[in-house]
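Colleague: Here it is, the structure, as structure tokens.
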Amino acid sequence: MIGEIENRSTHLLAVTSRQLLSLDLFVLDKTDPIGNFRKRKEKIKTDVETQGDFIRFLIKEVENAAFTDIEDVVPFVKWLDDELSYLVDERAVLKHFEWPEQKADALREAAFGYCDLKKLESEASLFRDDHRQPCAPALKKMQALLEKLEHGVYNLSRMRESATSRYKGFQIPMDWMLETGIVCQIKLASVKLAMKYMRRVSAELEAVGGGPEEKELIVQGVRFAFRVHQFAGGFDVETMRAFQELRDK
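So the sequence shown is numbered by my numbering: it starts at 9 and just counts up by one.
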């Protein structure tokens with residue numbers, strides 16, 4: 009897939025060079041908004057008149073795009089957006105052509121949605137509890153991260169409901185949107201987060217050595233663990249043992 013994109017970029021080298029030359033350092037003059045509007049309008053007209061072959065090539069690429077792996081959609085969308093960025097105003101220029109807007113937007117939606125979830129999963133998996141930080145803000149940080157995971161999965165479920173028929177029609181892969189895809193990885197990351205949360209609570213319990221804070225800490229730990237258990241659909245053996253030990257304190 010990467011090789012194909014590199015070939016496309018080579019094929020478009022001459023066109024791209026002309027685009028760069030045609031930009032003419034389009035700079036806005038803050039003191040002349042009307043002049044800016046006229047310049048922009050003229051530049052859009054120039055793009056429409058001179059970039060027809062380039063845009064028709066991109067139209068064919070989008071229309072013929074068919075994927076089985078979301079990992080291939082991501083570089084395709086990046087390549088497409090990079091090429092379109094040479095136009096002075098993408099929407100204004102493309103409306104003069106038979107641009108497959110719905111498919112292009114669906115490809116972007118899938119690529120950006122997947123990348124956002126991958127970043128979220130990575131953030132949770134790589135999270136490290138800084139023991140130099142006081143307990144209260146450390147626990148709040150983990151709570152905030154769990155909320156991001158919950159919202160990410162919820163938003164994906166809403167996206168899946170509206171995207172199913174569109175993605176099938178546009179041959180955009182959907183496996184990553186299922187419970188066995190990126191969602192499974194996010195839920196596993198939440199279980200690891202619960203383990204770190206309970207370890208921090210246990211360490212703080214040893215530090216306070218009883219007192220009024222102890223009961224509140226235990227309640228906090230149990231609530232967080234239960235919330236993750238509901239979200240992830242269960243715990244692994246190690247996390248379940250830590251949860252039971254905390255609950256029995």
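Cβ atoms here follow ideal geometry from the backbone N, Cα and C, with glycine treated the same way.
Values in this document were obtained by computation on a predicted structure and should not be read as measured data.
Using the Cβ count rule (16 or more neighbours within 10 Å means buried), how would you classify PHE234?
Modeller: PHE234 comes out exposed.
Colleague: Quick check: what's the CA-CA separation for LYS148 versus SER130?
Modeller: 19 Å
Colleague: Grouping DSSP H, G and I as helix and E and B as strand, with all else coil, what is ALA73?
Modeller: coil
Colleague: Short of 6 Å in beta carbon distance, which residues of its chain neighbour PHE232, apart from the five on each side in sequence? Order them along the chain.
Modeller: TYR205
Colleague: Taking all protein chains shown into account, do 16 or more other C-beta atoms lie within 10 angstroms of the C-beta of ARG254, making it buried, or fewer, making it exposed?
Modeller: First, the residue type needs correcting, since residue 254 is Leu and not Arg in the sequence shown. The residue is buried, with at least 16 neighbouring Cβ atoms inside 10 Å.
Colleague: Thinking C-beta only, is ALA202 closer than 7 Å to ALA132?
Modeller: Their beta carbons are not under 7 Å apart, which means ALA132 does not touch ALA202 by this criterion.
Colleague: Is it buried or exposed, GLU187, if we count other Cβ atoms within 10 angstroms and call 16 or more buried?
Modeller: exposed
Colleague: Hey, would you say VAL56 sits closer than 7 Å to VAL101, going by beta carbons?
Modeller: yes
Colleague: Contact between the segment 110-121 and the segment 134-152 is defined here as three or more beta-carbon pairs at a separation below 8 Å; is this criterion met?
Modeller: no
Colleague: According to DSSP, simplified to helix, strand and coil, what is VAL230?
Modeller: helix
Colleague: Please classify GLY160 as buried or exposed, where buried requires at least 16 neighbouring CB atoms within 10 angstroms.
Modeller: It counts as buried.
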